[in-house]
Amino acid sequence: MYSSFFHNSGVKIYANRVMCDNGQDEQRCRIDTLDELLANASSQRDGSNGFEKSLVLCRSNATCRTATVMIHTAKKHKTCIFTSDMYAESCCIADQEREKFLNGTGFVGMASGEAFEMIGLPPVQHYVFLEFPQLLKRFASLIKQFEAKATDESRPIRIDVIASQYDDIACLKALTVEMDVRRNPLPEWLTDIVL
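Under our numbering, think of the first position of the sequence shown as 35, with each following residue one higher.
So, in structure tokens, the structure goes:
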């Protein structure tokens with residue numbers, strides 16, 4: 035009866051908890067969590083099971099720029115940035131960043147949600163939500179979009195979602211539903227908050 039509701043599409047979704055002490059800047063804590071994920075992907079990249087590229091989705095252009103600077107300078111990851119204002123100002127800069135990402139000189143793409151729709155990148159094996167999109171329904175539609183690409187290319191895709199107990203409960207519930215539908219294990223910290 036429920037078999038059509040659950041599906042195994044090759045998409046694995048992982049909820050990554052932001053660990054912040056009281057008084058710490060949550061944005062910095064999210065970046066630290068992102069750095070750990072990217073460092074792990076980078077170490078795997080050298081092996082046969084690693085990700086060729088990672089694409090990080092940010093809520094806004096401002097968050098995308100801040101995260102890119104922090105990741106590129108302090109954390110030493112090769113990055114490309116995609117913001118919607120790059121397309122408004124000059125397609126030349128946006129095209130250069132796109133080519134840099136596609137040709138492998140930047141292993142981590144940092145894209146605002148709006149820019150992601152504009153850049154038209156081919157699928158990657160690793161997506162990271164630095165934060166939930168502004169429109170909650172966009173979260174589910176992006177996951178379905180990634181899932182369709184995974185099915186079309188017959189290769190697995192990993193989606194990491196960086197979440198915090200301070201995120202809107204509706205966002206955390208949406209994450210739980212998306213993970214549950216794909217029969218991905220739910221971490222205890224997430225079920226404690228949502229249930």
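Glycine residues also receive a C-beta, built at the ideal position from the N, C-alpha and C atoms. Since this is a predicted model, take the numbers as computed values, not measurements.
- Counting every other CB atom within 10 Å of its CB across the protein chains shown gives residue 200 a total below 16, marking it as exposed.
- Relative to the Cα of residue 67, the nearest Cα in the group 59, 51, 75, 55 belongs to 51.
- For residue 100, the uninterrupted alpha helix (DSSP H) run begins and ends at 95-103, by DSSP.
- Judged by DSSP in its simplified three-state form, residue 50 adopts strand.
- Per the DSSP secondary-structure output, residue 146 pairs in a beta bridge with 92.
- Counting only runs of 4+ residues, the alpha helix (DSSP H) found wholly inside the stretch 136-208 occupies 147-153, 170-187, in chain order.
- Between the beta-carbon of residue 142 and that of residue 72 there is about 6 Å, and that keeps the pair under the 8 Å contact cut.
- If you ignore the 5 residues before and after residue 46, its C-beta comes within less than 8 Å of the C-beta of 190, 191, 192, 193, 216, 218, all in its own chain and listed in chain order.
- The three-state reading of DSSP puts residue 117 in coil, since its state is none of H, G, I, E or B.
- Annotated as proximal: residue 203 and residue 228, with beta-carbon spacing under 9 Å.
- As the crow flies, the alpha-carbon of residue 74 is around 21 Å from that of residue 180.
- Taking C-alpha positions only, residue 174 is separated from residue 208 by approximately 8 Å.
- No residue range can be given for residue 220, since it is assigned to no alpha helix (DSSP H) and is classified by DSSP as neither H nor E.
- The beta carbon of residue 89 is closer than 6 Å to those of 143, 158, 161 in its chain, skipping five residues each way along the sequence.
- Under DSSP, the beta-bridge partners assigned to residue 45 are 191.
- Spatial neighbours of residue 60 in its own chain (CB-CB distance under 8 Å, excluding positions within 5 residues in sequence) are listed in chain order as 52, 54, 198, 200.
- In the three-state reduction of the DSSP assignment, residue 112 falls in the coil class.
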